[in-house]
Amino acid sequence: DQQVKQNSPSLSVQEGRISILNCDYTNSMFDYFLWYKKYPAEGPTFLISISSIKDKNEDGRFTVFLNKSAKHLSLHIVPSQPGDSAVYFCAATQAYSGAGSYQLTFGKGTKLSVIP
Amino acid sequence: EAQVTQNPRYLITVTGKKLTVTCSQNMNHEYMSWYRQDPGLGLRQIYYSMNVEVTDKGDVPEGYKVSRKEKRNFPLILESPSPNQTSLYFCASSLRGGSMREQYFGPGTRLTVT
Numbered sequence: 131d132q133q134v135k136q137n138s139p140s141l142s143v144q145e146g147r148i149s150i151l152n153c154d155y156t157n158s159m160f161d162y163f164l165w166y167k168k169y170p171a172e173g174p175t176f177l178i179s180i181s182s183i184k185d186k187n188e189d190g191r192f193t194v195f196l197n198k199s200a201k202h203l204s205l206h207i208v209p210s211q212p213g214d215s216a217v218y219f220c221a222a223t224q225a226y227s228g229a230g231s232y233q234l235t236f237g238k239g240t241k242l243s244v245i246p
Numbered sequence: 316e317a318q319v320t321q322n323p324r325y326l327i328t329v330t331g332k333k334l335t336v337t338c339s340q341n342m343n344h345e346y347m348s349w350y351r352q353d354p355g356l357g358l359r360q361i362y363y364s365m366n367v368e369v370t371d372k373g374d375v376p377e378g379y380k381v382s383r384k385e386k387r388n389f390p391l392i393l394e395s396p397s398p399n400q401t402s403l404y405f406c407a408s409s410l411r412g413g414s415m416r417e418q419y420f421g422p423g424t425r426l427t428v429t
């Protein structure tokens, strides 16, 4: 059973426009969520995170929104730049529940292409 | 420079020939983990370690072994590799405590088992 779902394998956006990447989760015990970015031939790098006590977290051009009732989060990139072209992974964990906080559950990833 | 290193970066081997992929971090992180990435499946955790001599299974541990004798090293051992272990492997590490969920990943090891 896939607990973290990224239903869009790919997304194309024009440079300067907004990119919205979506992620859904099924495990109601998840209380901390992260986005990672991955370029080809490199390991994933941490991008931004959000705790379940918040509904929004912003870092420069990147904003993550969390809708707990819908078990849905999204990553907004504004404005999108060609260098943002990468695979984006959504991840979730039980941050405040002991042993579960040591494991991240990842989605399958969404490949973002920003067209100049 | 703070980093996670993996060796080798690329490996082609044959079924049944034991191999070890090394992972080392220079950030004094307590937590280390191994993942595999496969097309259409994303990143799946193989094993993790909360500290020296403390390891536990992730979601897909079958066919793998790990050890954590030193804080900085966390090797992944395939005793008898099979073709279904052909994959891209990532090692990751993080601090315990508030930032421990933000894991730092190595560059990856692409393994092909024929």
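Protein sequence lines, in the order shown, are assigned to chains A and B. Last residue of the first sequence? That's 246 in my numbering, and every number before it is there in order. Last residue of the second sequence? That's 429 in my numbering, and every number before it is there in order. Every residue, glycine too, gets a C-beta built ideally from N, C-alpha and C. On a predicted model such as this, the values are computed, not experimentally measured, just so you know.
As for any beta strand (DSSP E) of minimum length 3 sitting wholly inside the region 351-384 of chain B, the runs are 357-366 and 369-372, ordered along the chain. For A/L141 and A/T240, the gap between their C-alpha atoms comes out near 7 Å.
According to the DSSP secondary-structure assignment, B/R425 is paired through a beta bridge with B/Y325 and B/L403. Going by C-alpha positions, A/L242 is about 22 Å away from A/N197. Counted as a single uninterrupted DSSP element, the stretch harbouring A/Y169 is not any beta strand (DSSP E), since DSSP gives it neither H nor E. Per the coordinates, the alpha-carbon of B/N366 lies some 31 Å from the alpha-carbon of B/I327.
In this structure A/A216 is not in contact with A/Y162, their Cβ atoms being roughly 22 Å apart against a cut-off of 8 Å.
For B/P422, the neighbours in chain A by C-beta distance under 9 Å run, in chain order, A171, E172 and G173.
Contact annotation for B/L356 against chain A: K238 [CB-CB distance below 7 Å, chain order]. A/M159 is the residue among A/M159, A/K186, A/G146 and A/P209 whose C-alpha sits nearest the C-alpha of A/A222. For A/L234, the closest C-alpha among the options B/N341, B/P323 and B/D374 is that of B/D374. The DSSP assignment places complete beta strand (DSSP E) segments of no fewer than 3 residues inside the region 132-195 of chain A at 140-144, 149-155, 162-168, 175-181 and 186-189, in order along the chain. Cα atoms of B/V329 and B/T427: separation of roughly 8 Å, rounded to the nearest angstrom. A/K241: member of the beta strand (DSSP E) spanning T240 to I245, first to last residue. Using a 10 angstroms sphere on the CB of B/T424, the tally of other CB atoms reaches 16 or more, which defines it as buried. The beta carbons of B/N343 and B/K384 sit about 16 Å from each other, so the pair does not count as a contact at 8 Å. Legend: CB atoms of the region 388-407 of chain B lying less than 7 Å from CB atoms of chain A belong to residues F405.
For A/F219, the C-beta contacts it makes with chain B under 7 Å involve G357 and L358, in order along the chain. A Cβ of chain B is located within less than 8 Å of the beta carbon of A/Q233. Around the beta carbon of B/Q321, a 10 Å sphere encloses 16 or more other beta carbons of the protein chains shown; the residue is thus reported as buried. DSSP links B/Q340 through a beta bridge to B/V319.
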